[in-house]
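Asks: Here the sequence shown stands for residues 233 to 330, where the numbers follow the numbering used here.
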Amino acid sequence: MDERNKDLPLIVSEILIEMHEMKEDMREVKTALQQMAALMLKQQQYTDEQFRLLMDENRKNTEMLITAFRDEAAQTRQTLADHAGRISRLENDHETNS
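(1) Enumerate, from N- to C-terminal direction, the unbroken beta strand (DSSP E) stretches of 3 or more residues contained entirely within the stretch 257-320.
(2) Once DSSP output is grouped into helix, strand and coil, what is the label at residue 239?
(3) What number of angstroms, rounded off, separates the C-alpha of residue 305 from the C-alpha of residue 274?
(4) Just how far apart, CA to CA, sit residue 279 and residue 319?
(5) From the DSSP output, in three-state form, read off residue 330 for me.
(6) Pull up the distance between the alpha-carbon of residue 299 and that of residue 268, whole angstroms please.
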């Protein structure tokens, strides 16, 4: 082997060792990323569930408010109708007595 190439096997060997170490590092990074992705997925599922629960509660509260407003409006309409009837009777009584 010529003088300038005598270190070539050592250099190639060192490169291969480095590549193997890099491959191991990449496996560790891949594993860490997969674990992080799984954790993020669990967190997202938890957040989605909390959001769903809050939306359900909001929907129920909104339905209760709408029902309360409708009931109040019905009572108000009835009260107004009662007052209108009384006013009509008073007007009729007044006309009859005049």
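Every residue, glycine too, gets a C-beta built ideally from N, C-alpha and C.
Replies: By the coordinates alone:
(1) Segments of the beta strand (DSSP E) lying fully in the stretch 257-320: there are none.
(2) What you label residue 239 is simply residue 7 of the sequence shown in a count that begins at 1. Residue 239: coil per DSSP, three-state reduction.
(3) Counting from one through the sequence shown, the residue named residue 305 turns up at place 73. Counting from one through the sequence shown, the residue named residue 274 turns up at place 42. One C-alpha to the other measures close to 46 Å.
(4) For the purposes of this step, residue 279 is identified with residue 47 of the sequence shown, where counting begins at 1. For the purposes of this step, residue 319 is identified with residue 87 of the sequence shown, where counting begins at 1. When rounded, the distance between both Cα atoms is 59 Å.
(5) Within the sequence shown, numbered from 1, the residue matching residue 330 stands at position 98. Coil at residue 330, not helix or strand.
(6) Position 67 of the sequence shown, counted from the first residue, corresponds to residue 299. Position 36 of the sequence shown, counted from the first residue, corresponds to residue 268. Approximately 46 Å, taken between the alpha carbons.
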